[in-house]
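For reference, each letter of the sequence shown is one residue, going 21 to 424 in this note's numbering.
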Amino acid sequence: MHQPLSNQQLLDIANQYGTPLYVYHAEQIAHRAHQLKEAFKQCNARFFYAAKALTNINILKLMKSLGLSLDCVSIHEVQLGLKAGFNPSEILYTPNCVSFNEIEEARRLNVHINIDNISILEQFGNKYGNTYPVCIRLNPHIMAGGNFKISTGHIDSKFGISIHQMRHIERIVKTTRLHVKGLHMHTGSEIKDVNVFLAGLDIMFEMARHFDTLEFIDMGSGFKVPYHVDEDETNVHLLGNQVAEALHTFENETGKKLEVWFEPGKFLVSECGYFLVKANIIKQTTATVFVGVNSGFNHLIRPMFYDSYHHIVNISNPEGPERIYTVVGNICETDTFAWDRKLPEVREGDVLAFMNAGAYGFEMSSHFNSRLKPAEVLVMNGHSVLIRSRETFEDLLKNQIEVL
Ligand SMILES: *Cc1c(COP(=O)(O)O)cnc(C)c1O
């Protein structure tokens with residue numbers, strides 16, 4: 021059975037590499053990958069890790085070694101995937117609002133392409149006809165997920181081609197002889213309710229009847245992992261059984277045997293990540309005790325951007341008496357990681373660990389306030405190794421052209 025990293029292990033790593041620091045635990049990723057494969061073993065399932073959650077090349081290589089494929093949302097993610105050793109047939113390109121040039125580049129690189137608007141579908145069909153099979157991203161208009169900003173299936177969403185435009189899709193497919201090999205949906209992030217996925221699958225089956233060249237249905241992601249101790253995760257075992265059953269029924273009714281694809285991001289890398297920071301200042305104001313840390317939303321933006329909860333552990337004083345703190349960053353803007361949080365007494369110099377920091381942590385970091393991005397460390401087989409060095413002052417000036 022898999023064990024999370026202990027406070028002492030994390031503290032040793034903080035002492036060795038300094039803070040702020042992202043730490044990723046390879047065994048946790050392997051554990052989640054294994055769990056997914058087990059859950060869907062009765063289906064013909066493929067898993068495409070959503071690279072955008074965490075793109076360090078070592079993480080990509082790890083995913084490859086675990087037998088996963090890769091879902092990419094930019095052409096540079098595709099290039100990173102190829103560099104990490106994925107075959108083009110193991111890469112799915114799911115962009116939105118990109119130029120036709122970028123789609124052509126993906127075709128040249130020979131990866132699977134997911135098309136998410138009528139304009140590109142028509143251009144692609146006109147140019148390539150039935151010579152390059154594609155997948156179509158549909159919007160099933162399912163409203164689900166943790167936060168409006170991370171929901172993609174609702175009526176006002178920019179993502180995918182509405183299922184109500186099926187006549188138009190069919191018109192393009194027929195006229196250009198486009199070969200459609202897959203249908204895709206991705207309704208958002210952090211969907212706990214298995215029924216949301218099943219409702220989506222039903223809609224996809226309905227749509228699948230419009231195409232006789234279909235090989236797979238891609239259900240995207242949205243698998244939820246717990247961020248708060250009271251939260252549940254998506255029951256992937258239940259989902260796996262129900263998806264297998266639904267596929268079986270579909271096969272009996274239509275004679276078509278389809279693969280099912282998934283694109284998990286958070287599920288694979290959220291819990292593997294720990295973000296370690298140091299308490300610079302304990303500041304008592306009229307109403308609040310602030311812990312001011314040596315980081316900010318320039319390093320971990322999720323609390324400010326999505327109001328997301330990250331559990332915080334005082335790894336320097338885990339047994340200390342609990343007190344109530346507001347944990348803030350050092351950015352010159354409101355920069356709050358956690359309000360009214362009970363933590364074992366925090367002293368200046370203590371190291372705090374943010375949990376669930378693997379997904380959309382480092383990836384969304386920036387240089388705001390001219391501060392440097394954190395380093396990244398991978399823990400594997402009990403050993404830690406630096407996988408991204410800490411930036412230096414020169415990195416801030418890189419690509420700037422001094423003309424004055
Ligand atoms: C972001 C994204 C994912 C991954 O979502 P998670 O919530 O991290 O699992 C999968 N597919 C697509 C198309 C995405 O944009």
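Backbone N, C-alpha and C fix where the C-beta goes; we use that ideal spot for every residue, glycine too. On a predicted model such as this, the values are computed, not experimentally measured, just so you know.
Check                                                                                                                                                      : Outcome
Please report the distance separating the alpha-carbon of P246 from that of N137.                                                                          : 33 Å
Note down, in chain order, each residue of its chain lying with its Cβ closer than 6 Å to the Cβ of I192, except the 5 sequence neighbours on either side. : L141, E142, G145
Kindly indicate which residue of A73, Q420, I79 has the alpha-carbon position closest to the one of S94.                                                   : A73
Which class does L363 belong to by DSSP, given the choice of helix, strand or coil?                                                                        : strand
Should the stretch 214-232 be called in touch with the stretch 178-195, which here means at least 3 C-beta pairs below 8 Å?                                : yes
Starting from T346, trace the beta strand (DSSP E) both ways and give me its first and last residue.                                                       : 342-348
Look at the alpha carbon of V101 and the alpha carbon of P341, and state the distance between them as a whole number of angstroms.                         : Residue identity check: residue 101 is Gly in the sequence provided, not Val. In a straight line, the C-alpha of G101 is about 47 Å away from that of P341.
Considering D222, what are the terminal residues of the beta strand (DSSP E) in which it resides?                                                          : Element bounds for D222: not the beta strand (DSSP E) but the alpha helix (DSSP H), 214-228.
Taking contact to mean at least 3 C-beta pairs separated by less than 8 Å, is the stretch 256-275 in contact with the stretch 319-333?                     : no
Counting along the chain, where does the alpha helix (DSSP H) carrying Q99 start and finish?                                                               : 95-103
Indicate whether at least one CB of chain C lies closer than 8 Å to the CB of A373.                                                                        : Among the protein chains of the structure shown there is no chain C, as only one such chain exists.
Between which two residues does the alpha helix (DSSP H) containing S89 stretch?                                                                           : Not the alpha helix (DSSP H): S89 falls in the beta strand (DSSP E), residues 89-92.
How big is the Cα-Cα spacing for V297 and F282?                                                                                                            : 34 Å
Does the distance from the C-beta atom of F310 to that of V348 stay below 8 Å?                                                                             : yes
From the DSSP output, read off the bridge partner residues of C155.                                                                                        : N134, G202
Under the criterion of a Cβ to heavy atom distance below 7 Å, does V93 qualify as lining ligand 1?                                                         : yes
Less than 7 Å between the CB of G11 and some heavy atom of ligand 1, yes or no?                                                                            : Since the first residue of the chain shown is 21 and the last is 424, residue 11 is not available in this structure.
Can we count F243 as close to ligand 1, meaning its CB is less than 7 Å from some heavy atom?                                                              : yes
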